[in-house]
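Heads up: the protein sequence lines correspond to chains A and B, in order. According to full-length UniProt numbering, the first sequence is numbered sequentially starting from 1. According to full-length UniProt numbering, the second sequence is numbered sequentially starting from 1. All C-beta atoms, glycine included, are put in the ideal place defined by N, C-alpha and C. Everything below concerns the one structure shown next.
Protein chains: 2
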Amino acid sequence: MINNYELYKVFYWAAKTGSLTQAAKTLYLTQPSVSHAIKQLEDSFGLILFYRNSKGVELTQEGAVLYSYIEKSQILISLAEEKMAALKNLDNGELRIGGSDSLFKHYVLPYLEDFHEKHPGIKLHLNHGTTPEVISFLKEGRIDLGVVRMPIVDSQLEVRESFQLQDCFVAGARYAELKDMVLSLEMLLKYPIILFSRNSRARMAITEIFQSYGYTIKPEIEVGSVDLLIEFARRGLGISYVTREFVSKELEEGSLFEIQLDVPLPPSHVGIMTMRNMPLTSAASRFIELVR
Amino acid sequence: MINNYELYKVFYWAAKTGSLTQAAKTLYLTQPSVSHAIKQLEDSFGLILFYRNSKGVELTQEGAVLYSYIEKSQILISLAEEKMAALKNLDNGELRIGGSDSLFKHYVLPYLEDFHEKHPGIKLHLNHGTTPEVISFLKEGRIDLGVVRMPIVDSQLEVRESFQLQDCFVAGARYAELKDMVLSLEMLLKYPIILFSRNSRARMAITEIFQSYGYTIKPEIEVGSVDLLIEFARRGLGISYVTREFVSKELEEGSLFEIQLDVPLPPSHVGIMTMRNMPLTSAASRFIELVR
DNA sequence: AGGAGCTATAGATCACGTCTATGATCAATA
DNA sequence: TATTGATCATAGACGTGATCTATAGCTCCT
Chain A
1 MINNYELYKV FYWAAKTGSL TQAAKTLYLT QPSVSHAIKQ LEDSFGLILF YRNSKGVELT
61 QEGAVLYSYI EKSQILISLA EEKMAALKNL DNGELRIGGS DSLFKHYVLP YLEDFHEKHP
121 GIKLHLNHGT TPEVISFLKE GRIDLGVVRM PIVDSQLEVR ESFQLQDCFV AGARYAELKD
181 MVLSLEMLLK YPIILFSRNS RARMAITEIF QSYGYTIKPE IEVGSVDLLI EFARRGLGIS
241 YVTREFVSKE LEEGSLFEIQ LDVPLPPSHV GIMTMRNMPL TSAASRFIEL VR
Chain B
1 MINNYELYKV FYWAAKTGSL TQAAKTLYLT QPSVSHAIKQ LEDSFGLILF YRNSKGVELT
61 QEGAVLYSYI EKSQILISLA EEKMAALKNL DNGELRIGGS DSLFKHYVLP YLEDFHEKHP
121 GIKLHLNHGT TPEVISFLKE GRIDLGVVRM PIVDSQLEVR ESFQLQDCFV AGARYAELKD
181 MVLSLEMLLK YPIILFSRNS RARMAITEIF QSYGYTIKPE IEVGSVDLLI EFARRGLGIS
241 YVTREFVSKE LEEGSLFEIQ LDVPLPPSHV GIMTMRNMPL TSAASRFIEL VR
């Protein structure tokens, strides 16, 4: 039984319309083509599928049995094609993004809102984790793209730089005397420092910066979230190292102020990370395009 | 979306085996053909369906969605093909026969038993009725073939003569004096005659025979079934006109005897009737072949 | 009798499905 | 590190078979 499945499409329409001529029109074929196709099917089964009469065709008993299967099959294919079109049009589908909570909250969110408004049919899945975790998610295929701090050096990954973040040291009212001063790193280190505890890119970056100047930065307090970094600084428990964009509200309202240093802190870059040589879903491509 | 459904077969096997090479082997194609087929599908949707890696292929999110539909569709087609093969092999199906009760009982039954033994998967449907009723059944498509007395003159029908029946007059002990006599039609008519009441072929035939000899046969008793014809004759209510083959048991055991006439009664022919120019089901063809 | 449907058949044509040959990439070996 | 053996992709050639046009045959209806 080596049948061309295309024949079933012809059979389906012939049965559905009850006319080879009609089927031909539906399929943009000529009537003899349809006639021939049906004949092929009949020959392959060794069974007659249609009664031919002057008004058209009618299923035989055996043709009716075949139709009961083929009809369902063809409907499934139609549904599949509709679904594919919907996926392509982004009427449908899902987008799975990995990244840190703070990046989601302060940076990715507006893009997600925009994306969701434009494509309300796409389900969004956010998976937060540290940069190494996000990389694993990506490699395991659990997310479509990751939003992480650069640089990422991994030959399996492709990273599109998307924007810069400026990290800085901030303090609260308790250290008001520093507000108008320009501190050296050495001076800064005399104060209690609050850093993000986890093995994050930001933490690594600041450690390296201090090392490049010959100092070692050792935090008084380590916390597990950006929110705590901010809260601890506000309460005067120390000076927090935090992304400036994440505390813009506090800086504005004056509950925190930025410590001015005599050396520049290099900005950190945020990138959108995907698997290299792996095709993206339409939704993922669209999102990246939107963020650009 | 004008897609060749053949591509879905290729897609199905590629997804199922996780390898274009394997799919090619399954489908007796070469790997480039499969590769090309998948590419066509992808292009037609504008979506990537597989991740290609050095071990084979893996469905993308969108490919997985497609597969969820196509898998069911392909399974239905496989089932359909199996079913068709079963119908062809007569492992399966139904055979609907029309005819008179008496023909079924005395003539068709052994063939049906034989058929059923050879093809136990075929469901048998027997519809009894008079010849005109059976013809209607056939034209309405309610039966596949009819077993009736010939001649049938209907251009829509095709009749295969299959065997002869000899009708005759029989009587019981009450008319024992006739056993060794040879009667003329005129003499016969002096006795009470029992005929089948319904507008049957047999009734028409005997009427015509008498008319051709210039007589009119008028029954004393009309009954509605062959069984009653026999029973009435046995009980001596008259002389029944009945098919000899239907009373072979009674003739043998002596409860009935055949009246000898001085003119021959022409045999009646039984035929298997089908719609002309209408294909037969495999089961019907097989049955006819068996009866021959 | 003629016309308007329908399907079947015959024969020609050419698109396209399939092939072979080869390249590119990757992973697991030696 | 080079080698081998998988994988899939690409290019180009080939030939089959799907499709076409033209026509016939049939049935029903006017």
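For the beta strand (DSSP E) holding residue i, just list the boundary residues, first then last.
i: B/Arg52; result: Phe50 to Asn53
i: A/Ala171; result: Asp167 to Ala171
i: B/Ile272; result: Ser268 to Met275
i: A/Thr243; result: Ile239 to Thr243
i: B/Gly18; result: No beta strand (DSSP E) holds B/Gly18; DSSP gives it neither H nor E.
i: B/Lys123; result: Ile122 to His128
i: A/Phe196; result: Ile193 to Phe196
i: B/Val148; result: Leu145 to Arg149
i: residue 298 of chain B; result: In this structure chain B extends from 1 to 292, so residue 298 of chain B is not present and cannot be described.
i: B/Glu222; result: Ile221 to Val223
i: B/Leu185; result: First-last for B/Leu185: Leu185 to Leu188, but that is the alpha helix (DSSP H), not the beta strand (DSSP E).
i: A/Leu265; result: Looking at the DSSP string, A/Leu265 is not in any beta strand (DSSP E), and its letter there is neither H nor E.
i: A/Glu94; result: Gly93 to Gly99
Does any C-beta atom of chain A lie closer than 9 Å to the C-beta of residue i?
i: B/Pro279; result: yes
i: B/Phe210; result: no
i: B/Val65; result: yes
i: B/Lys249; result: no
i: B/Ile70; result: yes
i: B/Lys9; result: yes
Verify the CB distance criterion: does residue i have a CB-CB separation below 9 Å to chain B?
i: A/Glu6; result: yes
i: A/Leu20; result: no
i: A/Gly93; result: yes
i: A/Met1; result: Reliability of the predicted coordinates at A/Met1 is poor, the pLDDT of 49 falling under 50, and the value obtained from them is presented with this limitation in mind. So yes, A/Met1 belongs to the interface.
What are the boundary residues of the alpha helix (DSSP H) that residue i is part of?
i: B/Gly63; result: Gln61 to Lys88
i: A/Phe232; result: Val226 to Arg234
i: A/Leu112; result: Leu109 to Lys118
i: B/Arg203; result: Arg201 to Ser212
i: B/Leu138; result: Thr131 to Lys139
i: B/Ile38; result: Gln31 to Phe45
i: B/Glu253; result: Ser248 to Glu253
Does the beta-carbon distance from residue i to residue j come in below 9 Å?
i: A/Val57; j: A/Ile38; result: yes
i: B/Phe257; j: B/Ala176; result: yes
i: A/Leu41; j: A/Glu62; result: no
i: A/Gln164; j: A/Pro264; result: no
i: B/Lys83; j: A/Tyr69; result: yes
i: A/Leu20; j: A/Lys9; result: no
i: B/Leu138; j: B/Met273; result: yes
i: B/Ile77; j: A/Tyr12; result: no
i: A/Gly172; j: A/Ser248; result: no
i: B/Leu178; j: B/Ile259; result: yes
i: A/Asp262; j: A/Ala205; result: no
i: A/Glu250; j: A/Ile230; result: yes
i: B/Gly271; j: B/Val134; result: no
i: B/Ser285; j: A/Ser73; result: no
i: A/Thr131; j: A/Ser197; result: no
Quiz item: Residues in the segment 138–161 of chain B with C-beta within 7 Å of chain A's C-beta atoms, listed in sequence order?
Solution: none
Quiz item: Should the segment 223–230 of chain A be regarded as contacting the segment 85–103 of chain A, the criterion being three or more beta carbon pairs within less than 8 Å?
Solution: yes
Exercise. Anything in the segment 73–88 of chain B with a Cβ closer than 8 Å to a Cβ of chain A? List those residues in chain order, please.
Key: Ser73, Gln74, Leu76, Ile77, Leu79, Ala80, Glu81, Lys83, Met84, Ala85, Leu87 and Lys88
Practice problem: Count the CB pairs spanning the segment 127–145 of chain B and the segment 85–99 of chain B that are closer than 8 Å, and state whether there are at least three. | Solution: yes
Quiz item: Would you call the segment 119–137 of chain B and the segment 235–243 of chain B in contact, with 3 or more CB pairs under 8 Å?
Solution: no
Practice problem: Could you run through the segment 29–61 of chain A and flag, in chain order, every residue whose CB is less than 8 Å away from some CB of chain B? | Solution: Phe45, Gly46, Leu47, Ile48, Tyr51, Thr60 and Gln61
Quiz item: Between the segment 95–115 of chain B and chain A, which residues of the former have a C-beta closer than 8 Å to a C-beta of the latter?
Solution: none
Quiz item: Can you list, in chain order, the residues of the segment 253–283 of chain A whose Cβ is nearer than 7 Å to any Cβ on chain B?
Solution: Met278, Pro279, Thr281 and Ser282
Practice problem: Could you tell me whether the segment 149–158 of chain B touches the segment 178–189 of chain B, where touching means 3 or more Cβ pairs closer than 8 Å? | Solution: no
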